[in-house]
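So the structure is just underneath, and the comments pick up after that.
In this note's numbering, the protein residues as written are 160 to 540.
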């Protein structure tokens, strides 16, 4: 029997720290001891507002997990107990998107990752009264000492890395770095403007530096964010509180008609428009996240200059290729994710959430398996 100490969403804006029982894993599942789990804007959105009856309370959230494999199902290949792994979204592996190497666009993405359980309606978690608790959020529910993940969402990485820093790789890092390396395909000597300096924007800057961009412009309205951007690789910053015309400010830095690339990570339609307006001819902008119902307006004349605008989910990446590469870059000192992380024991989740909502930290990372943590989970047998 496995027990797990978890942060359970019991209602909107209500988190309860509880000890739960973990059921037997299925043939295609993996039991992972979670060493780190990021807090993402999607977690906070669901916690604060709910999510259209998907993953309804009670549910364990968390979709940026990393840790060590404890057990594998009989049909799982390529993984062994003791492997260090990242957890990301799961996929069906059979639809057109999956077969083309774009699992983020899996035709069954929402059913698999947001339903709060398996396809048969079962969950892997029960509370001390034997009542089911929804699990399998992004097929992991990693705000927990132990997580039941799917084989497709479990990515083996270097045995030399400390999983305590890896949690954010599964979503925010995958989105930011993947959008730069796989969608934009930023080239050596090129220029890029990055709008929004949370984890997605900051890891986009790291990736742009890895790709050899010579001019990396960070655009935001808060000085701490701009300082972080400079620390991880930005060559220039633009403070929007003191700059009325951002496209003009960008052109003043790079000359000509604008930058080669831009990445938008605020979710604000007005900023999206600006991310298009800063492009030079044949430039390429990528939008990495947006709330439904907004309208994006810009002068279509811009497109006649060969400019392109793309949307991206999870960086369009194949996680089994991208994520181990990023971990290796981190080990080489070329992808400094640790510089933007702030770490909390799982039992301090309320503070971590408050710091994330206020913007006091760039990336909050929880540690469900921290030594000495209250209510740590256990495995018997």
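Built from N, CA and C at the ideal position, the CB exists for glycine as well. Treat the numbers as computed from the prediction; the structure is a model and nothing was measured.
- Contact between residue 292 and residue 218 is confirmed by a C-beta separation of about 7 angstroms, below the 8 angstroms threshold.
- The C-beta distance from residue 220 to residue 207 rounds to 11 angstroms, too long to meet the 8 angstroms contact threshold.
- Nearest to residue 238 by C-alpha distance, out of 401, 473, 311 and 266, is 311.
- In this structure, residue 366 sits near residue 340, with a CB-CB distance shorter than 8 angstroms.
- For residue 164, the secondary structure class from DSSP, reduced to helix, strand or coil, is strand.
- Within the region 279-364, the complete alpha helix (DSSP H) segments of 4 residues or longer fall at 331-337, listed in chain order.
- The shortest CA-to-CA distance from residue 476 to any of 456, 330, 426 and 370 is the one to 330.
- Nearest in C-alpha terms to residue 523, of all of 442, 337, 327 and 347, is 327.
- A check of alpha carbon separations from residue 494 across 484, 503, 353 and 501 identifies 484 as the nearest.
- At a Cβ-Cβ threshold of 8 angstroms, residue 372 and residue 385 do not count as neighbours.
- Judged by beta-carbon spacing, residue 275 lies within the 8 angstroms limit of residue 282, meaning their Cβ atoms are closer than that value.
- The C-beta distance from residue 308 to residue 246 rounds to 5 angstroms, short enough to meet the 8 angstroms contact threshold.
- Pairwise C-beta distances place the region 411-424 in contact with the region 344-353, as three or more of them are shorter than 8 angstroms.
- Between the alpha carbons of residue 232 and residue 299 lies a distance of about 15 angstroms.
- Nearest to residue 459 by C-alpha distance, out of 453, 324, 451 and 468, is 468.
- DSSP places residue 245 inside the beta strand (DSSP E), whose first and last residues are 243-246.
- Here the region 188-203 makes no contact with the region 254-272; the two share fewer than three CB pairs at distances below 8 angstroms.
- When DSSP assignments are scanned along the region 451-526, the uninterrupted stretches of alpha helix (DSSP H) that are 4 or more residues long and fall wholly within it turn out to be 478-490 and 508-517.
- DSSP places residue 428 outside any beta strand (DSSP E); the residue lies instead in the alpha helix (DSSP H), whose first and last residues are 428-436.
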